[in-house]
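Notes follow once the structure below has been shown.
Number of protein chains: 2
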Amino acid sequence: MKRNSRLSLALHTLSHMAGSPGRVRTSSDIAEHAGTNPVVVRRVLGKLREAGLLTSEKGHAGGWRLAREPQNITLADVYLALDERMVATNEASETPACSVEHALQERVSGVLEEIEESLVKRLGETSISEVRGG
Amino acid sequence: MKRNSRLSLALHTLSHMAGSPGRVRTSSDIAEHAGTNPVVVRRVLGKLREAGLLTSEKGHAGGWRLAREPQNITLADVYLALDERMVATNEASETPACSVEHALQERVSGVLEEIEESLVKRLGETSISEVRGG
DNA sequence: AGTAAAGCAACTGGAAAAGTTACGTATGAC
DNA sequence: GTCATACGTAACTTTTCCAGTTGCTTTACT
Ligand code: FES
Ligand code: FES
Numbered sequence: 022m023k024r025n026s027r028l029s030l031a032l033h034t035l036s037h038m039a040g041s042p043g044r045v046r047t048s049s050d051i052a053e054h055a056g057t058n059p060v061v062v063r064r065v066l067g068k069l070r071e072a073g074l075l076t077s078e079k080g081h082a083g084g085w086r087l088a089r090e091p092q093n094i095t096l097a098d099v100y101l102a103l104d105e106r107m108v109a110t111n112e113a114s115e116t117p118a119c120s121v122e123h124a125l126q127e128r129v130s131g132v133l134e135e136i137e138e139s140l141v142k143r144l145g146e147t148s149i150s151e152v153r154g155g
Numbered sequence: 022m023k024r025n026s027r028l029s030l031a032l033h034t035l036s037h038m039a040g041s042p043g044r045v046r047t048s049s050d051i052a053e054h055a056g057t058n059p060v061v062v063r064r065v066l067g068k069l070r071e072a073g074l075l076t077s078e079k080g081h082a083g084g085w086r087l088a089r090e091p092q093n094i095t096l097a098d099v100y101l102a103l104d105e106r107m108v109a110t111n112e113a114s115e116t117p118a119c120s121v122e123h124a125l126q127e128r129v130s131g132v133l134e135e136i137e138e139s140l141v142k143r144l145g146e147t148s149i150s151e152v153r154g155g
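Protein chains in written order, with the working numbering: chain A, 22 to 155; chain B, 22 to 155.
The structure is reproduced here in structure tokens:
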């Protein structure tokens, strides 16, 4: 799979599940559908479970299920659940650096935070059920 | 050096140079100052030269110099010169995919493009001379 | 008991980026 | 004219990040 694909995998899977909410799916099924590996699926969906978007059950007839109405799960929820930040934050450099570099960091970080915020806001305007035309 | 450091290196160097514009610096000096390698510096600054932000001269007493007044070089100029895009665009997936996935791509890509645009706009509001309190 | 699922930890492999080495080319000093 | 110096570039090496994989454990249903 390609780089930074966790978000793609998560969104794809949730959108798919939004089609028949309540239905249980195994990580193997999901992996096959998404062209990847069950363990990778569990890793990603595990994050979504921690965020309260999904539930999982072990054992026979276990699997994954939406924890909420698909209308109540936004793209931002998914984005935030995987704690990647798309707007690459060049986080505090190891060496504190001089005043010039410090000022630079401040300025750039400030802008990036703003941008990140507006990204989340925009993503929050769409639910996973809307995406599939539902 | 850490990942995705090209922008950091470029901004740091230009901000530094904005302190005494007109002065020539060698890639060795810059590399030493930034804690990296002259070849890496030349790679990064080469991009800035292509974008018309810097000039370089070979030979004895050669080196790098700002091509414009530091007031006329914005953070956006630098960002765009290195053609990385910070807002990770999950570009068209190899397999065209079904309608659900397609709709998803459309939606997300649209938002990301918007965000990228506003990032550049915001970065364009600050010049490298402002950053150093000049 | 047996089977099927998630959970988890550790290892493997490939790709991207930084870093390095080596050599060519241009330019000013002498 | 020669030499030192600096950029330009290509090729190679090293590092780092992640997806992918394997193997084992735990849980729950039949
Ligand atoms: S460390 Fe201050 S300008 Fe470079
Ligand atoms: S929902 Fe997965 S390919 Fe269409």
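Quick reminder that beta carbons are idealized off the backbone N, C-alpha and C, glycines included.
Exclusion of E90 of chain A from the 7 angstroms shell around ligand 1 follows from its C-beta lying no nearer than that to any non-hydrogen atom of the ligand.
Shown here, G67 of chain B sits in a helix according to DSSP, grouped into three states. Boundaries of the alpha helix (DSSP H) around S36 of chain B: 27-39. When CB distances to chain A are screened at a threshold of 8 angstroms, the residues of the region 74-96 of chain B falling below it are L96, in chain order. Proximity of chain B to E135 of chain A at the Cβ level (cut-off 8 angstroms) is accounted for by R143, in chain order.
H123 of chain A and L35 of chain B have their C-alpha atoms some 14 angstroms from each other.
For E122 of chain A, the residues of chain B that pass the 7 angstroms Cβ criterion are H33, in the order they occur in the chain. Listed in chain order, the non-local C-beta contacts of G84 of chain B below 6 angstroms within the same chain comprise V45, R46, T47, local neighbours out to five positions each way being set aside. In the pairwise beta carbon analysis, the region 68-81 of chain A is classified as touching the region 101-108 of chain A: at least three pairs are separated by under 8 angstroms.
The Cβ atoms of R86 of chain A and T95 of chain A lie no closer than 8 angstroms to each other. Here the alpha carbons of Q92 of chain B and L66 of chain B stand approximately 18 angstroms from one another.
S49 of chain B places its beta carbon less than 8 angstroms from that of P59 of chain B. Contact note: H54 of chain B does not reach chain A at a C-beta cutoff of 7 angstroms; the least C-beta distance is about 10 angstroms. Taking a Cβ-Cβ threshold of 8 angstroms, none of the residues of chain B is close to R44 of chain A; the smallest such distance is about 15 angstroms.
Secondary-structure assignment with DSSP links G131 of chain A through no beta bridge to anything.
Distance from the CA of V129 of chain A to the CA of A39 of chain B, rounded to the nearest whole angstrom, comes to 17 angstroms. The contact set of S36 of chain B on chain A, defined by CB atoms closer than 7 angstroms, consists of V121, L125 in chain order.
Looking at B:R27, B:S150, B:L28, the one whose alpha-carbon comes closest to that of E90 of chain B is B:S150.
Between ligand 2 and the CB of V121 of chain B, the shortest heavy atom gap is smaller than 7 angstroms. Contact annotation: A97 of chain B and V61 of chain B have beta-carbon atoms that are not nearer than 8 angstroms.
In the displayed model, E78 of chain A falls within a strand according to three-state DSSP. Taking 8 angstroms as the threshold, the shortest C-beta distance from L103 of chain A to chain B does not fall below it. R27 of chain B is a Cβ neighbour of E105 of chain B, given a cutoff of 8 angstroms. If you draw a straight line from the Cα of N25 of chain B to the Cα of I136 of chain A, it comes to about 18 angstroms. V108 of chain A and H81 of chain B have their alpha carbons spaced roughly 42 angstroms apart. Under the Cβ distance rule, S148 of chain B does not count among the residues neighbouring chain A, no pair being separated by less than 8 angstroms. By the C-beta density criterion, K68 of chain A is buried, having at least 16 other C-beta atoms within 10 angstroms.
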